[in-house]
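**Q**
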Amino acid sequence: VKVIVVDDMVLVREGVIRILRDHGIEVAASAGSAESVLALVAAHDPDVAILDIRMPPTFTDEGLRAAAQVRAAAPRTAVLVLSQYLDVAYAVQLLREAPERVGYLLKDRIMELTTLTDALRRLAEGETVIDPTIVTRVLGRRRENDSLAALTPRELDVLGLVAEGLSNRAIAQRLNVNERTVESHTTQVFLKLGLEPSLEMHRRVLAVLSYLRVNN
Amino acid sequence: VLLRGLCDTSQVGRRTQGAWIADVVAVGAAMVVVVSVGTQPFLGTASGSGTTPALRMTWAATTAAAALVAAAVLVRRPPQCTGAGLVAAVLVAPGLALHVGVAPWIKVVAIAISASLALVIATFVARLFEDRSRATRIGWAVLASATLVSVAAHALLRDPFREIRCAPYCLENPLLVTSAQGWVHATDRVLAVVTLGWCALTVASVARSKSSIWSRGGAALATVAATGVAVVELTTPGASMWSGASPTAAALAPAALSGSFALATVPHIQVWRTRLNARQLAAALAESVSRDGVANHLRLVVRHPSIRLLFPTGPEVYLDADGEPTVRNPTMATTTITRGEAQLALIEHDEAARARLGAALNPAVTIAVENERLRALAAAEVAELRASRRRIVERADDTRYRLERDLHDGAQQRLLLLGMELSRMATRVDDPGRERYRDAIGHTQLALAELRALVHEGRPPVLDELGLVEALRTLAETAPVPLVIETAGPAGRAPPAVERAVYGLARSMIADGHAAGASKVRVHLCERAGIFTVAVGHDASSEFDPIDAEDRVGAVGGAFDVVHGPTWTECTASFP
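The listed protein sequences derive, respectively, from chains A and B. Read in order, the letters of the first sequence correspond to residues 1 to 216 in my numbering. Read in order, the letters of the second sequence correspond to residues 217 to 792 in my numbering.
See the structure below:
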């Protein structure tokens, strides 16, 4: 997997590069601001661009905007946004602006090598990645009329994994079940929640996250 | 003019064109009354005998004028005058018809006219003094009625045919009730005495008040003239100037008496009008709590739109009626309103309006100006306090924001580096040691999570970047009670300080609802007609006292209210 790393904090950027190289991931280039991202992508054609969400000049959501630009300019390059924000709002915004092959991980994950490398691999394979902590948060939210109460525990598991961006095949592997079983579970869950069941994989992540976020 | 003045209860300065026409008509009518009464003997003399068409026309004009006065009173419609004015009008109208062709019962009508006019006068006079004591009021009413009655009696009892030297000017008196020559002399004297008394009263009151030299001179002249007539009348037994041998004296006596009476009345009318204006202005000012009320009233009274009130707070430093700082227009003239040494206000006006403005200023205006000055000072102080409160909140926010940024850029980065190094080292050691590294990494992650919670708690980045609704949804993810978010109206962004205030309110209501055992917390956001209203409530009873939220709402100029219901608690905040 070939990546580029863009982060304005030098020490963290160097640390991430070191840790990725330790694990045989090729870091083609790195930068300290969002402005040079497109040029780097064009020059190195990476599998994944790793972007910090907060970068100069405004230190708000430059990373999200750069992600959308990269996805639009280079469809082959996936984008992983590293964020210090737990808010689903940012993940939803990212998915809205760049629905395919994007990832949103908490920055803390850079100390969990397997999670990070796993996410890079999944992105390179064309999946979507949403941080499990965020999914847990939004799933565990208190609801006034809990529509999730109608789901079985297994269906809840499936819902959570769908929200994390896993494909049906990946969910089947994770849960050690048949892929067709997962398909029937997802259909059930979507029916129960009143969501469009036939959404393709990327769209359904956004649909589920938006649903969990807004529905009371 | 007297009746018009007395009945003028219209708001000072709101005279319509119609009112001015009514004034002119009343003045004209009163002049016709005076002129026709005054010329009566000479008209008779000129024609030589009996009732002439000219005389009839004079009397018709007199009655018409009286009717017009009554009508003017009616048109003005002050409640206290309406009844009396109506009576006068009803009685005068047939009198007018009857004067043109003399009928035998004309005398009845004449008596009725006199009685009704006496009634009207008495009502007006009583009304004039309505803010005085009851005794004063009755006294003045009696005096006025007595004057009128004696004038009327004089007219009704005088029989010109009984005059000693009737021939040159003997006239038919259409008002004659009974021919009682003895009574005529008595009424002559009464008239002289009443006029003298009236003049004396005027002199006394003019001497007490700060009247102009013209008023004083007029009153003195009237008194001298009335005294002359009274002395002659009282010291000539069995006869009077009116019916004496000299036609000059006969013409002079009524002229002197009516002239004296009129001269003596002028200062009173001036005083009454001033008092009436002051009273009406005071009433209008009491009614009007609108801002800039004094300047508005002065603009209307003076009929000049240039008038502006400035309240000095220092050398060349002024506040307007709203308490906003303002500057003087150097091209405008000014009039200063002071109380003692203190300069209360500066009235900025066009030079042309100076005279009329000066006349409109009185103690009531000064009091109103002083009130308005206090209001302006208070408003300025409130504005300053509000600005200061906003600055305090903003400074606290900024300090906190900077602290967060520093933490983020510093401590968080170090912790991330520490975690990364630990994880790199973990891969290089054997299984037993690796477990300890895993623990250390776990602690590092916890430290990061706690740091994040601390940094983002009060002012989460999502609030600044994505807005209140997104921030509330994020808040709902970790809220211990369900948070229901409802929005109505356009979903635009509110100013950051307002969003922070609402967010803080929602957070404290969630904490309170959780503690009080509420099953949900509801946030309702509504923007309508430029007013952003927020209602945050939960379905439990509590003694919630959100001082912090209240401060924040107040600091951005919002209104805050909290209601403690038996099974619910709700806070509302609205922002212009």
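Virtual Cβ for every residue (Gly too), placed ideally from N, Cα, C. The structure presented is a predicted model; accordingly, all values stated were derived computationally and were not measured.
In three-state DSSP terms, what is Ile25/A?
**A** Numbered from its first residue, the first sequence carries residue 25/A at position 25. In this structure, Ile25/A counts as coil in the three-state DSSP scheme.
**Q** For a contact meaning CB atoms closer than 8 Å, what does Val208/A contact in chain B?
**A** For the purposes of this step, residue 208/A is identified with residue 208 of the first sequence, where counting begins at 1. In chain order: nothing, as chain B lies at least about 14 Å away.
**Q** Which residues in the same chain as Arg630/B place their Cβ atom closer than 6 Å to its Cβ, once the five residues preceding and following it in sequence are excluded?
**A** Residue mapping note: residue 630/B aligns to position 414 of the second sequence, counting from 1. There are no such residues.
**Q** For Gly15/A, I'd like the list of residues in its chain whose CB is within less than 8 Å of its CB, leaving aside the five on either flank, ordered along the chain.
**A** As a working note, residue 15/A is residue 15 in the first sequence. Around Gly15/A: Ile110.
**Q** Kindly indicate which residue of Leu577/B, Ala568/B, Arg544/B, Asn545/B has the alpha-carbon position closest to the one of Thr554/B.
**A** Locating residue 554/B in the second sequence gives position 338, counting from the first residue. Among Leu577/B, Ala568/B, Arg544/B, Asn545/B, the Cα nearest to that of Thr554/B belongs to Leu577/B.
**Q** Given this structure, state the Cα-to-Cα distance separating Gln628/B from Asp536/B, to the nearest angstrom.
**A** Sequence index remark: in the second sequence, residue 628/B carries index 412 (1-based). Sequence index remark: in the second sequence, residue 536/B carries index 320 (1-based). Distance between the alpha carbons of Gln628/B and Asp536/B: 53 Å.
**Q** When you check each C-beta in the segment 635-646 of chain B against every C-beta of chain A, which residues fall closer than 9 Å?
**A** Under the 9 Å Cβ criterion, the segment 635-646 of chain B contributes Gly635, Met636, Glu637, Leu638, Ser639, Arg640, Ala642, Thr643.
**Q** Pull up the distance between the alpha-carbon of Arg54/A and that of Glu62/A, whole angstroms please.
**A** Taking the first sequence and counting its residues from 1, the one referred to as residue 54/A is at position 54. Taking the first sequence and counting its residues from 1, the one referred to as residue 62/A is at position 62. So the two alpha carbons sit approximately 6 Å from each other.
**Q** Have a look at the DSSP bridge pairing and note the partners of Gln559/B.
**A** Locating residue 559/B in the second sequence gives position 343, counting from the first residue. Paired residues: Thr554/B.
**Q** May I ask which residues mark the beginning and end of the alpha helix (DSSP H) holding Asp61/A?
**A** For the purposes of this step, residue 61/A is taken as residue 61 along the first sequence, with counting starting at 1. Neither: Asp61/A is in no alpha helix (DSSP H) and is coded neither H nor E.
**Q** What first and last residue would you give for the beta strand (DSSP E) that runs through Glu532/B?
**A** Within the second sequence, residue 532/B is the residue found at index 316, counting from 1. Taken as a continuous stretch (DSSP letters only), Glu532/B belongs to no beta strand (DSSP E), as it is neither H nor E.
**Q** Report the CB separation of Pro46/A from Thr77/A in whole angstroms; it is logged as a contact under 8 Å.
**A** One-based indexing of the first sequence puts residue 46/A at position 46. One-based indexing of the first sequence puts residue 77/A at position 77. That belief holds up - the Cβ atoms of Pro46/A and Thr77/A are roughly 6 Å apart, short of 8 Å.
**Q** Any C-beta of chain B sitting closer than 8 Å to the C-beta of Arg203/A?
**A** Numbered from 1 along the first sequence, position 203 holds the residue referred to as residue 203/A. No, because no Cβ of chain B sits closer than 8 Å to the Cβ of Arg203/A.
**Q** At which residues does the beta strand (DSSP E) containing Glu743/B begin and terminate?
**A** Indexing the second sequence from 1 puts residue 743/B at position 527. From DSSP, the beta strand (DSSP E) with Glu743/B extends over 737-744.
**Q** Classify Asp22/A: buried if its beta carbon has 16 or more other beta carbons within 10 angstroms, exposed otherwise.
**A** Mapped onto the first sequence, residue 22/A falls at position 22. The residue is exposed, with fewer than 16 neighbouring Cβ atoms inside 10 Å.
**Q** What residues in the segment 113-143 of chain A have a beta carbon less than 7 Å from any beta carbon of chain B?
**A** Hits within the stretch, in order: Leu113, Arg137, Val138, Arg141, Arg142, Arg143.
**Q** How should Ala98/A be labelled, buried or exposed, when 16 other C-beta atoms within 10 angstroms of its C-beta is the threshold for buried?
**A** Taking the first sequence and counting its residues from 1, one reaches residue 98/A at position 98. Classification for Ala98/A: buried.
**Q** Identify whether Pro390/B lies in helix, strand or coil by the three-state DSSP scheme.
**A** Counted from its first residue, the second sequence places residue 390/B at position 174. Only weak support exists for where Pro390/B lies, its pLDDT of 49 falling under 50; the coordinates are left without a value.
**Q** Along the chain, where does the beta strand (DSSP E) that runs through Gly753/B open and close?
**A** Numbered from its first residue, the second sequence carries residue 753/B at position 537. Unbroken beta strand (DSSP E) run through Gly753/B: 747-754.
**Q** If we define contact as Cβ-Cβ less than 8 Å, is Thr660/B a contact residue for chain A?
**A** Mapped onto the second sequence, residue 660/B falls at position 444. So yes, Thr660/B belongs to the interface.
**Q** Pop quiz: Leu209/A and Leu105/A are said to be a contact at Cβ under 8 Å. What is the actual Cβ separation, rounded to whole angstroms?
**A** Taking the first sequence and counting its residues from 1, one reaches residue 209/A at position 209. Taking the first sequence and counting its residues from 1, one reaches residue 105/A at position 105. Contact flag wrong, Cβ pair sits at about 15 Å.
**Q** Which chain B residues are close to Leu11/A, counting only those with a beta carbon under 9 Å from its beta carbon?
**A** For the purposes of this step, residue 11/A is taken as residue 11 along the first sequence, with counting starting at 1. The contacting residues are Gln629, Arg630, Leu632, Leu633.
**Q** Between Gly32/A and chain B, is there a C-beta pair that is closer than 8 Å?
**A** In the first sequence, counting from the first residue as 1, residue 32/A sits at position 32. It does not: the Cβ of Gly32/A has no partner Cβ on chain B nearer than 8 Å.
**Q** Cα-Cα, which of Arg101/A, Thr117/A, Lys192/A, Asp118/A is closest to Thr152/A?
**A** Taking the first residue of the first sequence as 1, we reach residue 152/A at position 152. For the residues Arg101/A, Thr117/A, Lys192/A, Asp118/A, the minimum Cα distance to Thr152/A belongs to Lys192/A.
**Q** List the residues of chain A that Ile657/B touches, going by C-beta distances under 7 Å, in chain order.
**A** Here residue 657/B corresponds to residue number 441 of the second sequence, with the count starting at 1. In chain order: Met111.
**Q** My understanding is that Thr746/B touches Trp784/B, with C-beta atoms under 8 Å, so please give their C-beta distance in whole angstroms.
**A** For the purposes of this step, residue 746/B is identified with residue 530 of the second sequence, where counting begins at 1. For the purposes of this step, residue 784/B is identified with residue 568 of the second sequence, where counting begins at 1. Reading off the sequence shown, one finds Gly at residue 746/B, where the question assumed Thr. The Cβ separation is near 29 Å, so there is no contact.
**Q** Can you find a C-beta in chain B that's less than 8 Å from the C-beta of Gly15/A?
**A** Within the first sequence, residue 15/A is the residue found at index 15, counting from 1. Yes, its Cβ sits closer than 8 Å to a Cβ of chain B.
**Q** So what's Ala85/A in DSSP terms, helix, strand or just coil?
**A** Residue 85/A sits at position 85 when you count from the first residue of the first sequence. In the sequence as presented, Ala is not what sits at residue 85/A; that position holds Tyr. If DSSP states are grouped into helix, strand and coil, Tyr85/A belongs with coil.
**Q** What residues are listed by DSSP as bridge partners for His565/B?
**A** Residue mapping note: residue 565/B aligns to position 349 of the second sequence, counting from 1. Paired residue(s): Ala549/B.
**Q** Checking the sheet assignment: what are the DSSP bridge partners for Glu702/B?
**A** Locating residue 702/B in the second sequence gives position 486, counting from the first residue. DSSP, once it has assigned bridges, lists His740/B as partnering Glu702/B.
**Q** Quick one: give me the first and last residue of the beta strand (DSSP E) that Ala707/B is part of.
**A** The residue labelled residue 707/B in the question sits at position 491 within the second sequence. First-last for Ala707/B: undefined, no H or E at that position.
**Q** Are the beta-carbon atoms belonging to Leu526/B and Ala561/B less than 8 Å from one another?
**A** On the second sequence, position 310 is the one that residue 526/B refers to. On the second sequence, position 345 is the one that residue 561/B refers to. Yes, Cβ-Cβ distance for Leu526/B and Ala561/B is below 8 Å.
**Q** With H, G and I counted as helix, E and B as strand and the rest as coil, what does DSSP make of Ala98/A?
**A** Locating residue 98/A in the first sequence gives position 98, where the first residue counts as 1. Coil, per DSSP.
**Q** If you draw a straight line from the C-alpha of Gly705/B to the C-alpha of Thr749/B, how long is it?
**A** For the purposes of this step, residue 705/B is identified with residue 489 of the second sequence, where counting begins at 1. For the purposes of this step, residue 749/B is identified with residue 533 of the second sequence, where counting begins at 1. Between Gly705/B and Thr749/B, the C-alpha separation is close to 10 Å.
**Q** Go through its chain and collect everything with a Cβ distance to Val5/A's Cβ below 7 Å, but skip five positions before and after it.
**A** The sequence position of residue 5/A within the first sequence is 5, counting from 1. Taken in chain order, the residues that qualify are Arg13, Val16, Ile17, Val27, Ser30, Ile50.
**Q** Going by the CB atoms, is the gap between Gly444/B and Ala472/B shorter than 8 Å?
**A** Along the second sequence, read from residue 1 onward, the residue named residue 472/B stands at position 256. Along the second sequence, read from residue 1 onward, the residue named residue 444/B stands at position 228. The answer is yes: Cβ separation under 8 Å.
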